[in-house]
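Chemist: One structure is given below, represented as structure tokens, and several questions about it will come after.
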Amino acid sequence: MKHNYIAGEWVEGGPAAENINPSDTRDVIGLYARASQAQALDAVAAAHAALPKWAASTPQQRADVLDAVGSEIAARKAELADLLAREEGKALTDAAGEVMRAAQIFKFFAGEALRIPGELLASTRPGMSVEITREPVGVVSIITPWNFPIAIPAWKIAPALAYGNTVVFKPAELVPGSAWVLAEILSRAGLPAGAFNLVMGRGRDIGDTLLGDPRVAAVTFTGSEATGRKVAAACVTRPGAMAKFQLEMGGKNPLVVLDDADLDVAVNCAINGAYFSTGQRCTASSRLVVSAGIHDRFVDAMLAKLATLKVGDARRAGTVIGPVVDAQQLEQDLRYVAIGRDEGATLAFGGQALESIDGQPGYYLQPALFTGTSSDMRINREEIFGPVASVIRVHDADEALAVANDTEFGLSAGVCTTSLKMAARFKRELQAGMVMINAPTAGVDAHVPFGGRKGSSHGPREQGRYAAEFYTSVKTTYLQP
Ligand code: ADP
1 MKHNYIAGEW
11 VEGGPAAENI
21 NPSDTRDVIG
31 LYARASQAQA
41 LDAVAAAHAA
51 LPKWAASTPQ
61 QRADVLDAVG
71 SEIAARKAEL
81 ADLLAREEGK
91 ALTDAAGEVM
101 RAAQIFKFFA
111 GEALRIPGEL
121 LASTRPGMSV
131 EITREPVGVV
141 SIITPWNFPI
151 AIPAWKIAPA
161 LAYGNTVVFK
171 PAELVPGSAW
181 VLAEILSRAG
191 LPAGAFNLVM
201 GRGRDIGDTL
211 LGDPRVAAVT
221 FTGSEATGRK
231 VAAACVTRPG
241 AMAKFQLEMG
251 GKNPLVVLDD
261 ADLDVAVNCA
271 INGAYFSTGQ
281 RCTASSRLVV
291 SAGIHDRFVD
301 AMLAKLATLK
311 VGDARRAGTV
321 IGPVVDAQQL
331 EQDLRYVAIG
341 RDEGATLAFG
351 GQALESIDGQ
361 PGYYLQPALF
371 TGTSSDMRIN
381 REEIFGPVAS
391 VIRVHDADEA
401 LAVANDTEFG
411 LSAGVCTTSL
421 KMAARFKREL
431 QAGMVMINAP
441 TAGVDAHVPF
451 GGRKGSSHGP
461 REQGRYAAEF
471 YTSVKTTYLQ
481 P
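Residue numbers for the sequence shown follow full-length UniProt numbering, so the first one is 1 and each next one is one higher.
See the structure below:
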């Protein structure tokens with residue numbers, strides 16, 4: 001059994017949870033401890049106790065730790081990708097890409113630790129100067145979802161440590177394997193005991209401690225909108241000082257295809273954006289907004305391409321679409337397929353669950369494409385989080401923009417066009433944190449800000465040097481010599 005890591009020790013105790021392979025539900029990857037409330041409290045106390053030491057560490061010490069973690073992740077790419085694909089179900093090539101991204105993020109923040117900036121301004125008062133510096137926020141609770149089992153933890157843990165904070169990390173209960181390996185790597189990287197703590201288990205069991213303890217200064221969360229709201233409420237209603245919080249939640253990302261688009265580019269963007277990683281990305285292109293002049297050709301090409309996508313065991317060569325992550329998510333995907341049909345949409349492809357593939361019982365789903373849909377349908381308003389996309393036919397660019405922005409979410413939005421004028425217009429008018437021109441809505445660089453607008457996100461951006469906004473607290477010092 002794999003244990004929690006608290007105050008520099010692997011702590012035994014607590015009930016165990018099975019980590020199941022969604023590509024073959026007979027395969028139990030391992031047993032992972034579920035932290036108790038008391039252990040969560042110990043982890044917060046340990047992070048709090050370690051704070052003065054780690055906050056006083058030199059930029060070089062922090063850089064060395066993060067660089068070592070990045071190097072080890074990269075060196076173990078094949079093994080970690082296999083584990084990730086096995087526990088989460090994304091195809092092995094995608095899993096390998098995710099592992100490398102985690103390595104790059106640690107390397108990037110190793111560099112950032114050496115570049116923590118400040119400012120020195122002249123004061124409006126004679127002789128005085130004003131210095132603006134960044135200090136660690138304090139203890140950061142990190143709560144992550146299952147869909148990126150190593151990259152999302154990396155893009156929260158690396159900046160937290162780079163800026164001198166200490167960490168209590170709670171991964172999603174479905175994917176403790178990648179989180180545990182990452183914790184094991186961190187445990188040998190040269191951090192003082194307590195600077196990094198791992199508590200596995202369910203949010204509803206230990207969330208109150210991770211959010212409500214007054215020693216926790218900041219909470220960074222990625223997950224569903226419903227849980228995000230609970231996290232926000234807990235951060236502001238707890239006794240004492242409120243916690244600083246950052247939320248990354250859902251998306252209902254549009255990919256607009258205009259009449260002048262390159263058809264191959266548009267289809268590749270749509271297939272990748274909507275279905276790769278089994279559609280289980282908050283940046284997935286779930287709404288394909290297609291203008292009338294290219295609509296029929298686009299749909300025909302999508303159907304031809306969908307028929308070639310191999311669904312199967314995430315770790316088998318040739319698999320493009322792995323299984324859905326678990327039974328509950330599969331049920332949700334199938335429910336939305338039924339809702340789409342009831343709403344009058346045409347199920348043009350897929351949407352059927354397959355109980356087994358090659359004799360392996362798993363949570364397999366044929367990727368689904370709806371056509372003949374409208375913006376007011378639930379399948380175009382609510383996040384499904386599976387390999388299900390819908391085509392919304394529009395007359396022209398004006399209607400495409402209106403439909404693309406007709407959503408409560410605002411994470412990523414794309415447009416396929418060969419017109420520079422249209423590209424510039426959509427870049428300006430799409431209401432999203434990230435705009436993709438002739439590129440899938442999902443799939444981002446590791447060194448630039450990530451995040452959304454409207455109902456998708458709350459608080460400062462993640463990743464790149466913008467991460468400093470969340471993981472540091474600004475101090476303004478007035479100095480009269
Ligand atoms: P998903 O199921 O898509 O990962 P969730 O929002 O359910 O999205 O979960 C995201 C993360 O939030 C997980 O690590 C989960 O354990 C955690 N979580 C769930 N409920 C709570 C809660 N009440 N307090 C804190 N964390 C929670």
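Beta carbons are placed, not taken as given, at the ideal position from N, Cα and C, and that holds for glycine.
Could you say if the stretch 194-214 and the stretch 117-132 meet the contact criterion of at least three C-beta pairs nearer than 8 Å?
Modeler: With the cut-off at 8 Å, the stretch 194-214 and the stretch 117-132 do not touch.
Chemist: Would you decide whether Met434 is buried or exposed? Buried here means 16 or more other CB atoms lie within 10 Å of its CB.
Modeler: Met434 should be labelled buried.
Chemist: Going by C-alpha distance, which of Leu92, Leu479 and Gly464 is nearest Gln104?
Modeler: Looking at the Cα atoms, Gly464 is the closest of the given residues.
Chemist: List the whole-angstrom C-beta distance separating Asn147 from Arg281, where the pair is believed to meet the contact cut-off of C-beta under 8 Å.
Modeler: Right, the Cβ-Cβ distance comes to about 6 Å (below 8 Å), so this counts as a contact.
Chemist: Enumerate in chain order the residues of its own chain whose CB-to-CB distance from Val410 is below 6 Å, with the five nearest sequence positions on each side excluded.
Modeler: The sequence shown places Gly at residue 410, not Val. Excluding sequence neighbours, Gly410 sits near Gln431, Ala432, Gly452, Arg453, Lys454 and Ser456.
Chemist: Are the CB atoms of Ala400 and Val231 within a distance shorter than 8 Å?
Modeler: No, Cβ-Cβ distance for Val231 and Ala400 is not below 8 Å.
Chemist: Between the Cα of Ser286 and those of Ile379, Ser36, Glu355 and Ala402, spot the shortest distance and give me the residue it belongs to.
Modeler: Out of Ile379, Ser36, Glu355 and Ala402, Ile379 has the C-alpha closest to the C-alpha of Ser286.
Chemist: Quick check: is any heavy atom of the ligand ADP less than 7 Å from the C-beta of Ile20?
Modeler: Not so, every heavy atom of the ligand ADP lies at least 7 Å from the Cβ.
Chemist: Please report the Cβ distance between Thr222 and Thr144, rounded to the nearest whole angstrom; I am assuming they are in contact, meaning their Cβ atoms lie under 8 Å.
Modeler: Thr222 to Thr144, Cβ: 6 Å. Contact.
Chemist: Pull up the distance between the alpha-carbon of Ala83 and that of Ala467, whole angstroms please.
Modeler: A small fix is needed here, since residue 83 is Leu in this sequence, not Ala. Approximately 28 Å, taken between the alpha carbons.
Chemist: Would a C-beta distance cut-off of 8 Å place Lys2 and Pro192 closer than the cut-off?
Modeler: Cβ distance not < 8 Å, so Lys2 and Pro192 don't count as in contact.
Chemist: Check whether the Cβ atoms of Glu12 and Glu248 lie closer than 8 Å to each other.
Modeler: Going by C-beta atoms, Glu12 is not nearer than 8 Å to Glu248.
Chemist: Can you give me the Cβ contacts of Ser57 inside the same chain, cut-off strictly under 6 Å, excluding the 5 residues immediately before and after it?
Modeler: Result list for Ser57: empty, nothing under 6 Å.
Chemist: Give a yes or no on whether 8 Å exceeds the smallest Cβ distance from Asn405 to chain C.
Modeler: Here chain C cannot be found, since the structure has a single protein chain.
Chemist: DSSP on Cys235, reduced to helix/strand/coil?
Modeler: Three-state DSSP puts Cys235 in a helix.
Chemist: From which residue to which residue does the alpha helix (DSSP H) around Thr407 run?
Modeler: Per DSSP, Thr407 belongs to no alpha helix (DSSP H) and is neither H nor E.
Chemist: Could you pull out every residue in the same chain whose Cβ sits closer than 6 Å to the Cβ of Ser141, ignoring the five residues on either side in sequence?
Modeler: Counting only Cβ-Cβ distances below 6 Å, and skipping sequence neighbours, we find Val168, Leu210, Val216 and Val219.
Chemist: Output needed for Gln352: all residues of its chain with C-beta closer than 7 Å, excluding positions within five of it in sequence on either side, in chain order.
Modeler: Gln366, listed in sequence order.
Chemist: Here's a check: name, in chain order, each residue in its chain whose Cβ is nearer than 7 Å to the Cβ of Gly240, leaving out the five neighbours to either side.
Modeler: These residues qualify, in order along the chain: Pro214.
Chemist: Starting from Cys282 and walking both ways along the beta strand (DSSP E), at which residues does that stretch end?
Modeler: Here Cys282 belongs to no beta strand (DSSP E), and DSSP marks it neither H nor E.
Chemist: Could you round the C-beta distance between Asn253 and Ala284 to whole angstroms and report it? I think they count as a contact, below 8 Å.
Modeler: That pair is a contact at about 6 Å.
Chemist: Would you say the beta carbon of Val394 is closer than 7 Å to some non-hydrogen atom of the ligand ADP?
Modeler: It does not: the Cβ of Val394 is nowhere closer than 7 Å to a heavy atom of the ligand ADP.
Chemist: Closer than 7 Å to a non-hydrogen atom of the ligand ADP - does that hold for the CB of Ser224?
Modeler: True, at least one ligand heavy atom lies under 7 Å from that Cβ.
Chemist: Who are the Cβ neighbours of Pro117 in its own chain at under 6 Å, not counting the five residues just before and after it?
Modeler: Excluding positions up to five away in sequence, the list is empty.
Chemist: Please classify Ser390: is it buried, with 16 or more other beta-carbons within 10 angstroms of its beta-carbon, or exposed?
Modeler: Buried, because 16 or more other Cβ atoms sit within 10 Å of the Cβ of Ser390.
Chemist: Using a threshold of 7 Å, is the CB atom of Trp155 nearer than that to any non-hydrogen atom of the ligand ADP?
Modeler: No; taking the cut-off as 7 Å, the Cβ of Trp155 has no heavy atom of the ligand ADP nearer than that.
Chemist: Mind checking Met242: buried by the 16 CB within 10 Å criterion, or exposed?
Modeler: Exposed is the call here.
Chemist: Buried or exposed: Asp264, going by 16 or more other Cβ atoms within 10 Å of its Cβ?
Modeler: So Asp264 ends up on the exposed side.
Chemist: Return the CA-CA distance between Leu186 and Val65, expressed in angstroms with no decimal places.
Modeler: Rounded to the nearest angstrom, the two C-alpha atoms are 8 Å apart.
Chemist: Cβ of Leu182 within 7 Å of any heavy atom in the ligand ADP?
Modeler: No; taking the cut-off as 7 Å, the Cβ of Leu182 has no heavy atom of the ligand ADP nearer than that.
Chemist: Roughly how many angstroms separate the alpha carbons of Leu92 and Thr476, rounded to a whole number?
Modeler: Roughly 48 Å between the two C-alpha positions.
Chemist: So what's Phe349 in DSSP terms, helix, strand or just coil?
Modeler: It is a strand residue.
Chemist: If Gly190 sits next to Ala68, beta carbons under 8 Å apart, how far is it from one beta carbon to the other, in whole angstroms?
Modeler: Sure, about 7 Å apart at Cβ, within 8 Å.
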